[in-house]
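Here the structure comes first, spelled out in structure tokens, and everything after it is commentary.
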């Protein structure tokens with residue numbers, strides 16, 4: 011089938027199958043049920059895991075089909091937010107690094123909406139410096155692991171069936187060398203999920219507590235004490251999925267878009283026009299940069315750390331846009347629309363884009379170190395055993 | 019839409035880059051900018067003869083290579099990065115407007131003027147470049163009025179002048195020695211690109227493209243509008259090169275310059291600004307490729323793409339050139355260091371086609 015035909019069929023399928031109202035956030039349980047049911051239909055229609063290996067349940071198609079579908083899907087809002095972490099980060103990590111047993115057990119179920127996944131890296135004492143994490147995993151008698159610790163900023167954990175956990179397995183070595191990535195059953199005894207109310211007034215994230223949680227043998231992703239390398243794989247997928255907008259709402263839902271603003275401001279006012287033009291310029295510049303990255307990917311040039319520039323620019327654009335939109339619209343923008351939306355919702359949510367998936371400052375470090383090859387900052391923690399570092403609650 | 023280079027374009031880039039590295043390195047640029055001509059005629063001849071740059075987009079029937087604007091953008095990015103002195107860009111502007119006229123009119127003037135430009139034997143310029151083009155009036159085959167700044171106006175053998183007529187704008191050709199033409203060389207900010215004031219006093223001029231209908235029966239006004247959009251794209255390609263070269267220079271310096279016991283590029287205060295400059299480069303590159311693609315393949319998108327290119331790339335180029343100078347510290351303010359040459363070229367380019375607000379206003383008309 012040629013690409014145009016593929017795209018036309020995707021458009022027809024989406025028109026017939028996407029529910030009218032976007033299930034943004036999908037906080038309610040019925041939203042989750044709807045999402046699971048939608049994922050199953052998406053999978054059966056052949057649009058889930060388009061580029062994932064057919065051997066494990068994907069479609070085994072190319073980036074071209076993936077982009078064609080994504081372009082069509084961007085016109086509507088797919089109600090799959092609750093699967094965004096699994097599809098964007100955990101699943102791709104398992105495809106890259108998982109054992110055959112792990113892939114056989116999880117990937118098809120993930121793509122069919124039977125498993126919701128979350129990612130368990132950040133801790134109260136380990137944010138940007140995630141390798142400073144303190145959650146401990148010690149070997150159990152049966153060859154598995156016993157985990158104790160606390161995680162934070164975990165999206166969709168309240169609905170999750172599984173999590174990709176980064177835990178410390180050796181404190182005698184420098185901090186990057188004693189980490190292991192584990193698959194954890196979020197329904198296991200000792201796992202406590204507590205919603206974390208954020209500045210929007212809603213709970214987009216959770217705190218997770220692990221009290222003597224048992225993890226089954228065969229759950230290590232990558233190597234024991236090689237978890238940092240596994241985590242880098244996950245984080246690369248995370249940045250790519252954020253900048254490509256996996257599971258995010260389409261542009262028609264953005265109350266701060268140029269189209270939406272045109273309806274609420276006086277476009278003849280020259281000062282307003284200049285600000286709207288600035289918004290257009292920045293939006294087009296980033297959209298074209300993203301288009302260039304995907305053309306390069308198609309041509310076999312992997313963007314690598316340059317994806318961090320796209321993520322940084324998206325964060326800056328999101329904040330600029332929400333700020334500008336509220337300022338242009340004036341005081342009536344301050345009233346939330348039903349469901350916490352509208353411009354008030356946009357300005358309250360905007361900081362999340364600069365903080366999640368690596369802060370703007372971390373993105374600039376990555377661009378400086380790995381794209382521009384600038385000399386690294388001298389580090390006090392590089393060759394020191396983890397147990398001797400002052401991190402988190404450890405002094 | 020094509021935003022990455024083809025294998026042939028990568029070859030063209032490598033050819034122009036290695037030619038300029040050998041024939042016009044920055045030390046040579048400094049020498050040439052202070053010479054009587056302001057550029058090296060031998061280098062200019064080879065640039066047009068061996069690489070065919072002045073005739074790159076001129077159709078083969080008029081003696082050119084018949085290449086596209088995407089190819090031209092590749093070449094101009096390199097001449098921009100090298101801060102090449104001399105009249106190449108001005109001559110390319112003239113080639114663009116004549117090529118557009120040739121595609122539309124069946125005029126004898128265009129046929130006679132294009133081959134010299136394509137061969138590199140005619141140095142030409144286009145003026146005025148600013149959107150406010152009311153300074154020269156045409157009447158009875160003569161021009162009267164003034165153009166305050168014209169790039170390489172004093173060196174050009176051929177001046178292409180946009181003049182006001184009773185029926186709107188028209189394009190005229192004026193020979194270098196025409197009576198009533200006076201050319202006053204100016205000392206301008208950018209020493210690598212000379213400019214001149216042109217005064218016309220009943221100066222005989224040859225009509226190149228004017229009123230009425232073109233061969234397709236369309237009103238002629240869009241010929242000049244499209245030509246100036248293409249000029250905007252060509253300039254943006256040069257600006258992208260200036261931006262890239264300035265960033266490369268300060269990144270290289272940040273790796274070796276030591277302060278307080280370590281390389282300055284290891285400090286986040288420096289590193290983070292360089293990262294932001296890199297983000298501007300990535301976006302400017304994508305915009306230039308898009309605009310050049312639209313120039314060749316998508317005429318309907320060209321007006322917006324051209325205005326976007328000038329609005330974004332012009333600003334980004336100056337900001338990066340400025341920050342690259344500042345991050346060098348005091349040495350960046352010296353005449354001996356090259357940083358000021360990028361800074362001055364960037365500012366000159368940013369206003370070459372008129373105040374930057376005009377590009378933003380144009381974009382507003384198109385998208386808001």
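Chains as they are written, first to last, in the numbering used here: chain A, 11 to 405; chain B, 19 to 386. Here a beta-carbon is modelled for each residue, glycine too, at the ideal position from N, C-alpha and C. The structure presented is a predicted model; accordingly, all values stated were derived computationally and were not measured.
When the Cα atoms are used, residue 20 (chain A) and residue 14 (chain A) turn out to be separated by approximately 10 Å. Residue 328 (chain B) carries a helical assignment under DSSP once its states are collapsed to helix, strand and coil. Taking a cut-off of 8 Å on C-beta distances, the segment 283-296 of chain A touches the segment 327-335 of chain A, as three or more cross pairs fall below it.
Under the three-pair Cβ rule at 8 Å, the segment 288-304 of chain B does not count as touching the segment 314-322 of chain B. Taking all protein chains in view, the Cβ of residue 249 (chain B) is crowded by 16 or more other Cβ atoms within 10 Å, so the residue is classified as buried. One Cα belongs to residue 228 (chain B), the other to residue 185 (chain B), and the distance between them is close to 9 Å. When DSSP states are grouped into helix, strand and coil, residue 190 (chain B) belongs to the strand group. Here DSSP, grouped into helix, strand and coil, assigns residue 392 (chain A) to coil. In the three-state reduction of the DSSP assignment, residue 285 (chain A) falls in the helix class. Straight through space, the alpha carbons of residue 131 (chain B) and residue 96 (chain B) are spaced by roughly 26 Å. Only those residues of the segment 371-395 of chain A whose C-beta falls short of 9 Å from the nearest C-beta of chain B are listed: 371, 373, 374, 375, 376, 377, 378, 379, 381, 382, 383, 384, 385, 386, 387 and 388.
Look at residue 248 (chain A) here: in three-state DSSP terms it is helix. Interface annotation for the segment 329-341 of chain A against chain B: empty, criterion Cβ-Cβ distance under 7 Å. Beta-bridge partners assigned by DSSP to residue 318 (chain A): none are found. With respect to chain A, the C-beta atom of residue 281 (chain B) has a partner C-beta closer than 8 Å.
Between residue 51 (chain B) and chain A, the shortest Cβ-Cβ separation is not below 8 Å.
Assignment of alpha helix (DSSP H) within the segment 27-51 of chain B, counting only whole runs of 4 or more residues, yields 44-51 in chain order. For residue 217 (chain A), the enclosing beta strand (DSSP E) has its first and last residue at 215-225.
Bridge pairing for residue 128 (chain A): A:173 [DSSP].
Going by C-alpha positions, residue 251 (chain B) is about 13 Å away from residue 259 (chain B).
Rounded to the nearest angstrom, the gap between the Cα atoms of residue 106 (chain B) and residue 347 (chain A) is 57 Å. For residue 144 (chain B), the secondary structure class from DSSP, reduced to helix, strand or coil, is strand. Three or more beta-carbon pairs drawn from the segment 296-314 of chain B and the segment 368-385 of chain A are found closer than 8 Å, and the two stretches are therefore classed as touching. The alpha carbon of residue 147 (chain A) has as its nearest neighbour, out of A:361, A:276, A:229 and A:28, the alpha carbon of A:229. For residue 156 (chain A), the secondary structure class from DSSP, reduced to helix, strand or coil, is strand.
Distance check between residue 221 (chain A) and each of A:202, A:238 and A:237 places A:202 closest, using alpha-carbon atoms only. Interface flag for residue 267 (chain B) against chain A is unset, since no Cβ pair is found closer than 8 Å.
Using a Cβ distance threshold of 8 Å, residue 83 (chain B) and residue 74 (chain B) count as a contacting pair.
When C-alpha distances from residue 95 (chain A) are compared across A:151, A:64, A:366 and A:316, the shortest belongs to A:366.
Annotation: residue 246 (chain A) to residue 314 (chain A) spans about 8 Å, alpha carbon to alpha carbon. Only buried fits residue 170 (chain B), as 16 or more other CB atoms lie within 10 angstroms of its CB.
Residues are counted here when their Cβ sits less than 7 Å from a Cβ of chain B; for the segment 284-305 of chain A these are 284, 286, 287, 290, 291, 294, 295, 296, 298, 299, 301, 302 and 305, given in chain order. Shown here for residue 273 (chain B): same chain residues with a beta carbon closer than 7 Å to its own, the five before and five after excluded, namely 281 and 283 in chain order. Boundaries cannot be given for residue 69 (chain A), as no alpha helix (DSSP H) includes it and DSSP labels it neither H nor E.
Within a 10 Å sphere around the beta-carbon of residue 349 (chain B) sit fewer than 16 other beta-carbons, which makes this residue exposed. Taken through DSSP and simplified to helix, strand or coil, residue 68 (chain B) comes out as coil.
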